[in-house]
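Scroll down for the structure; my scribbles are underneath it.
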Ligand SMILES: Cc1cc2nc3c(=O)[nH]c(=O)nc-3n(C[C@H](O)[C@H](O)[C@H](O)COP(=O)(O)OP(=O)(O)OC[C@H]3O[C@@H](n4cnc5c(N)ncnc54)[C@H](O)[C@@H]3O)c2cc1C
């Protein structure tokens with residue numbers, strides 16, 4: 011097969027890039043190692059920045075998002091038993107939209123199928139070659155047969171555990187990482203959310219988050235040990251521990267039910283620099299990971315795709331490489347802002363026993379400042395709704 015762009019990975023980054031390139035008349039294929047059903051079954055993010063919603067509009071797939079997405083104009087923080095609302099709309103002039111990553115993925119997959127765009131699912135042993143020259147090649151196996159795709163560019167949208175980043179020589183890449191000593195135990199359940207808006211909880215037993223995917227489907231998280239196991243957390247125990255970390259108001263409204271999904275996610279801040287290696291361009295989790303506290307992972311994948319799609323479109327329209335040359339620098343500037351914000355939210359709200367009473371007092375002072383300073387609230391709001399592209 012010969013295409014202009016070979017996209018590795020059919021997560022939100024790969025699918026969104028595929029759709030934008032398709033609309034611009036650029037010939038691209040998506041090569042994904044998993045099945046379509048597996049990709050759709052993954053429960054992940056759910057808070058979209060306004061810029062990401064705008065990207066969905068640009069990609070002409072925002073119909074269902076417009077009808078079903080929940081506009082949130084604020085978030086609540088419950089810190090040491092005291093609640094404080096951050097008025098996102100009032101402080102930043104913008105809001106966020108709650109719409110599950112699974113739904114974004116489904117909308118993009120449906121658009122791709124309707125357009126008859128090329129996709130290869132269940133591709134084994136995907137490898138990328140020749141991206142330091144002019145004729146990169148992607149190889150994979152499917153149903154026992156070997157396949158090869160010649161292309162102009164490879165878009166590495168294959169997530170943190172993908173093949174693209176490790177294919178770059180070690181000497182060409184710099185990695186920055188912080189691994190946190192805890193994880194998030196998450197439960198998805200068909201129960202109405204405990205509150206209209208998300209509640210971020212800092213409690214002496216650990217962090218909790220009351221989130222949602224719709225008016226009838228809730229997503230809850232509690233901070234847990236990194237080596238904890240889902241099997242240690244039957245539903246009843248999870249709901250009891252979550253209730254302990256809430257205030258009376260939330261506790262009285264908490265509706266429990268059987269979990270549809272339960273998983274433990276480690277928390278990590280990670281950035282690989284640069285994001286371009288000749289004709290291989292990384293986007294999304296393939297290049298960076300943030301702890302989910304700032305709701306930024308999916309949104310960063312979208313902002314990378316914004317820059318990458320524009321750069322490729324400019325290249326194919328005019329032959330100019332200036333936007334491709336600027337790609338890595340432009341992305342990384344925004345990436346580091348989101349890494350900082352996610353790290354800051356994580357530090358403010360989680361239990362860090364190793365930081366002792368000094369660490370807790372600093373958290374209290376930070377929260378006090380947040381409650382009483384419009385400037386501090388505005389800073390949180392403007393980062394939470396997303397910095398402009
Ligand atoms: C458990 C979990 C929970 C999360 N929760 C949140 C949250 O609450 N809020 C938030 O903002 N973010 C969250 N995130 C992060 C967010 O989901 C990601 O940032 C987002 O999925 C990034 O999209 P992506 O397309 O870059 O990568 P991915 O979604 O990881 O997609 C990469 C794709 O590449 C495929 N792939 C991998 N290796 C290969 C290969 N060798 N060959 C071919 N294909 C390959 C994968 O199967 C996958 O389909 C969560 C992530 C995880 C893992």
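Numbering (the working numbering), first residue to last: 11 to 399.
For each residue, glycine too, the CB sits at the ideal point set by N, CA and C.
- When DSSP states are grouped into helix, strand and coil, residue 222 belongs to the strand group.
- Using a C-beta cut-off of 8 Å, the segment 292 to 309 makes contact with the segment 341 to 353, since at least three inter-stretch Cβ pairs fall below that distance.
- Closest option to residue 150, judged by alpha-carbon separation, among 306, 84, 309 and 19: 19.
- DSSP places residue 354 inside the alpha helix (DSSP H), whose first and last residues are 332 to 359.
- Two segments are said to touch when three or more pairs of C-beta atoms, one from each, lie closer than 8 Å; by this definition the segment 200 to 214 touches the segment 252 to 262.
- Shown here for residue 338: same chain residues with a beta carbon closer than 7 Å to its own, the five before and five after excluded, namely 284, 285 and 286 in chain order.
- The alpha-carbon separation between residue 326 and residue 13 amounts to approximately 13 Å.
- Around residue 399, the same chain offers 61, 313 and 316 as residues with beta carbons nearer than 6 Å, after the five sequence neighbours per side are excluded.
- Counting the other CB atoms within 10 Å of its CB gives residue 374 a total below 16, which places it among the exposed residues.
- Per DSSP, the continuous alpha helix (DSSP H) segment holding residue 314 begins and ends at 307 to 328.
- Boundaries for residue 206: no alpha helix (DSSP H) harbours it, and the DSSP string shows neither H nor E there.
- The DSSP-derived three-state label of residue 377 is helix.
- In this structure, residue 76 and residue 86 do not form a Cβ contact; the two beta carbons are roughly 25 Å apart against a cut-off of 8 Å.
- Three or more beta-carbon pairs drawn from the segment 188 to 200 and the segment 261 to 274 are found closer than 8 Å, and the two stretches are therefore classed as touching.
- The continuous stretches of beta strand (DSSP E) do not include residue 303, and DSSP gives it neither H nor E.
- Closest in C-alpha terms to residue 102, from the list 59, 139 and 253, comes 59.
- Residue pairing from DSSP leaves residue 289 without any beta-bridge partner.
- Ranked by Cα distance from residue 106, the options 242, 24, 201 and 80 are led by 80.
- If you draw a straight line from the Cα of residue 38 to the Cα of residue 318, it comes to about 13 Å.
- The segment 116 to 131 and the segment 236 to 249 do not touch, with fewer than three beta-carbon pairs separated by less than 8 Å.
- Here the alpha carbon of residue 322 sits roughly 26 Å from the alpha carbon of residue 180.
- Sequence-distant Cβ neighbours of residue 152 in its own chain, meaning closer than 6 Å and more than five residues away, are 133.
- Assigned with DSSP and collapsed to three states, residue 239 falls in coil, not helix or strand.
- Residue nearest to residue 188 within the set 342, 11, 235 and 281 is 281 (criterion: CA-CA distance).
- If you check the CB distance, residue 69 and residue 30 come in under 7 Å.
- The criterion of a C-beta distance shorter than 7 Å is not satisfied by residue 84 and residue 74.
- Its chain contains 17, 165, 167, 293, 315, 318 and 319 as the residues whose beta carbon lies nearer than 7 Å to that of residue 27, once the 5 sequence neighbours on both sides are disregarded; these appear in chain order.
- As a beta-bridge residue in DSSP terms, residue 107 pairs with 58 and 81.
- Residue 242 and residue 361 have their alpha carbons spaced roughly 20 Å apart.
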